[in-house]
Amino acid sequence: MNKLFARHALLPDGWASDVLIEWDSTGAIIAVASGTPAPQQGSTGATRVEYALPGMINLHSHSFQRALGGRTEKAGDSKDSFWTWRDLMYRFARNITPAHIEAIAAQLFSECLRHGYTSLCEFHYVQRAPDGAMYPRPAETAERVIAAARLAGIGITMLPVLYSYSGFGEMPLKPEQARFKTDAEDVLRIVEALEEQRDVQVEVGVAPHSLRAASVTQIAEVLAALPKQRPVHIHIAEQQGEVQQSLSWSGRRPVQWLLENVPVDRRWCLIHATHLAEDEISGIAASGAVAGLCPTTEANLGDGLFPLESFLAQGGVFGIGSDSHVSQSAVEELRWLEYGQRLQHQRRNIAVSATERNVADFLWQGALRGGAQAAGRPVGAIATGHRADIVVLDDAHPNMFGLALDEVLGSFVFSGNDNLVRDVMVGGQWVVRNQQHLAQQAIAARFKQTLAELREFR
Ligand code: NGQ
Ligand code: ZN
1036 MNKLFARHAL LPDGWASDVL IEWDSTGAII AVASGTPAPQ QGSTGATRVE
1086 YALPGMINLH SHSFQRALGG RTEKAGDSKD SFWTWRDLMY RFARNITPAH
1136 IEAIAAQLFS ECLRHGYTSL CEFHYVQRAP DGAMYPRPAE TAERVIAAAR
1186 LAGIGITMLP VLYSYSGFGE MPLKPEQARF KTDAEDVLRI VEALEEQRDV
1236 QVEVGVAPHS LRAASVTQIA EVLAALPKQR PVHIHIAEQQ GEVQQSLSWS
1286 GRRPVQWLLE NVPVDRRWCL IHATHLAEDE ISGIAASGAV AGLCPTTEAN
1336 LGDGLFPLES FLAQGGVFGI GSDSHVSQSA VEELRWLEYG QRLQHQRRNI
1386 AVSATERNVA DFLWQGALRG GAQAAGRPVG AIATGHRADI VVLDDAHPNM
1436 FGLALDEVLG SFVFSGNDNL VRDVMVGGQW VVRNQQHLAQ QAIAARFKQT
1486 LAELREFR
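Start counting at 1 in the sequence shown, then tack on 1035, and there's your number in the working numbering.
In structure tokens, the structure reads:
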């Protein structure tokens, strides 16, 4: 029975009522009709729900960092910063095994699903063994993360990372970065090894880590060999320190330099892009690239605030990611995105457009669009040809009582802290029912075992 009947469904043009959604055996939507008569409950017809939304795309993840959450929140001797956090993260990455990587990712993915994400882009850079050697299978750790995604049931875009240098101007890697080391050839070898993994649930792109860690020559080499539709992600301008390093190296700011030296277009996703001059804001918007915003991690690491209002005014495309996974909630990312702007501008209701005045609707629809583009998969819409990736809200919750349709997402995104995601379907298969992930117990047990093992290394 590949059918769902929603009393109200969020379609690309907005809310529609009495919507019958059908999908095929591969999990692709084949029909969406609104204004259809409700099927009899319990008959051969469709499952009936009240509110259905397209599942969200988490466009930026380093899944192993999920195991570090909450453990870097004590002040050290020095002035704590992004860079001191990074040292702790490197230390944590030193001993993690492929089995740990898989167990942590499975836990994270089950949590992401329970909070409304149905797709995720993994920016994957722990690719070598602790001693710096390539694993016998070059895509060993990437395959583990994909296995976790398949087990949990989340769609994934795997982005093997290009990571050759420790700073602008091709500075040699530090010993603590030995597990991350890849050159263009390594990355292409990993991409090739992952070819057999590609299917309706799995896509493969690439990610030059940053302009600190990858050269333009290398980026060009990878792009030349990669099929044209595959997504390309890069970290950029997250910290003022990076902007300063870039200026002293080339006289150009990171985004300025990227736009001048690399053919940035719709296939690109610029992660963070926090610190931008006016011409960089318009340059990204004009390129069609997605700004990959990760508000909870950016807050946690003390990055700064993305110039959202100006970027949106110029037609910029954005999506959200949870990056270090201090949060696994799409609602929390979107709430922080809007609240950061309100605090900065001392005004309300910033993330809107001329035609969409409803903040939560604008945020959810906008992040779907940018997230789908960054994932390079047909997701992010309840529409024919897209994946049947659907989130059902808990209509029995008090926050959902007596709402007009244009208040539903406002209540979901901005009111309270209960998780209003009740059921989640990915590719037409239920993976979360009544707020429980189907494999939650087994996945959590393995995660706890992993934490116990990792604690012994400290
Ligand atoms: C990362 N994370 O690769 O995990 C980075 C830190 C770096 C964020 N930028 C390392 N949030 O940028 O060098
Ligand atoms: Zn990142």
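The beta-carbon is built from N, C-alpha and C at its ideal position, and this holds for glycine as well.
Is any non-hydrogen atom of ligand 1 found closer than 7 Å to the C-beta of residue i, if you look at the structure I gave you?
i	result
glutamate 1273	yes
aspartate 1358	yes
histidine 1097	yes
serine 1498	In this structure the chain extends from 1036 to 1493, so residue 1498 is not present and cannot be described.
tyrosine 1200	no
threonine 1332	yes
leucine 1336	yes
serine 1450	no
serine 1468	Position check: residue 1468 holds arginine in this sequence, whereas serine was assumed. Not under cutoff, so the answer is no.
tyrosine 1086	no
histidine 1244	yes
arginine 1121	yes
Mark residue i as exposed unless 16 or more other C-beta atoms lie within 10 angstroms of its C-beta, in which case mark it buried.
i	result
arginine 1179	buried
phenylalanine 1436	exposed
tyrosine 1200	buried
arginine 1490	exposed
glycine 1188	buried
alanine 1041	buried
serine 1388	exposed
isoleucine 1478	buried
tryptophan 1292	buried
aspartate 1314	exposed
glutamate 1333	buried
glutamine 1253	buried
serine 1052	exposed
methionine 1036	exposed
May I ask whether a heavy atom of ligand 2 can be found less than 7 Å away from the beta carbon of residue i?
i	result
isoleucine 1355	no
isoleucine 1191	no
histidine 1135	no
histidine 1270	yes
isoleucine 1306	yes
phenylalanine 1215	no
phenylalanine 1158	yes
Per DSSP, what kind of secondary structure is residue i in: helix, strand or coil?
i	result
arginine 1288	coil
glutamate 1273	coil
aspartate 1441	helix
glycine 1406	helix
alanine 1474	coil
lysine 1263	coil
glycine 1318	helix
glutamate 1205	coil
lysine 1038	strand
histidine 1380	helix
tyrosine 1125	helix
asparagine 1494	The shown model of the chain, from 1036 to 1493, leaves out residue 1494, and the question about it has no answer.
arginine 1233	coil
glutamine 1363	coil
alanine 1140	helix
threonine 1119	helix
alanine 1068	strand
histidine 1310	coil
glutamate 1085	strand
serine 1154	strand
threonine 1132	coil
glutamate 1238	strand
threonine 1390	coil
alanine 1418	coil
threonine 1192	strand
Sort the options by Cα distance to residue i and report the nearest one.
i	options	result
serine 1060	Gly1070, Phe1127 and Lys1038	Lys1038
leucine 1155	Gln1379, Gly1415 and Ala1480	Gly1415
arginine 1224	Pro1243, Leu1208, Pro1195 and Gly1204	Pro1195
leucine 1372	Arg1383, Ala1141 and Leu1328	Leu1328
glycine 1375	Phe1341, Val1394 and Gln1363	Phe1341
serine 1322	Gly1351, Asp1453, Lys1216 and Ala1487	Gly1351
leucine 1148	Gln1470, Ala1487, Leu1486 and Gln1476	Gln1470
histidine 1150	Ala1402, Gln1476, His1472 and Glu1488	His1472
glycine 1356	Ala1308, Thr1390, Ala1168 and Ile1417	Ala1308
alanine 1365	Gln1075, Pro1089, Leu1046 and Leu1055	Pro1089
valine 1239	Met1193, Ser1250 and Ala1255	Met1193
> Is there contact here, the segment 1103-1116 with the segment 1169-1177, by at least three beta-carbon pairs under 8 Å?
Replying inline: no
> Does the segment 1279-1299 come close enough to the segment 1337-1357 that 3 or more CB-CB pairs lie under 8 Å?
Replying inline: Proximity of the segment 1337-1357 to the segment 1279-1299 falls short of the contact definition, fewer than three beta-carbon pairs being nearer than 8 Å.
> Are three or more beta carbon pairs between the segment 1262-1272 and the segment 1238-1253 nearer than 8 Å?
Replying inline: Because the criterion of three Cβ pairs below 8 Å is met, the segment 1262-1272 and the segment 1238-1253 touch.
>> With three or more beta-carbon pairs closer than 8 Å as the criterion, would you say the segment 1088-1104 touches the segment 1403-1410?
In response: Segments in contact, yes.
> For the 8 Å Cβ check, are there 3 or more pairs between the segment 1468-1488 and the segment 1143-1163?
Replying inline: yes
> Does the count of Cβ pairs from the segment 1206-1214 and the segment 1117-1137 closer than 8 Å reach three?
Replying inline: Between the segment 1206-1214 and the segment 1117-1137 there are three or more inter-stretch CB-CB distances shorter than 8 Å, so the stretches are counted as touching.
> Any chance the segment 1098-1105 sits against the segment 1346-1365, with 3 or more Cβ pairs inside 8 Å?
Replying inline: yes
> Is the segment 1451-1462 touching the segment 1421-1436 in the sense that three or more CB pairs, one from each, lie closer than 8 Å?
Replying inline: yes
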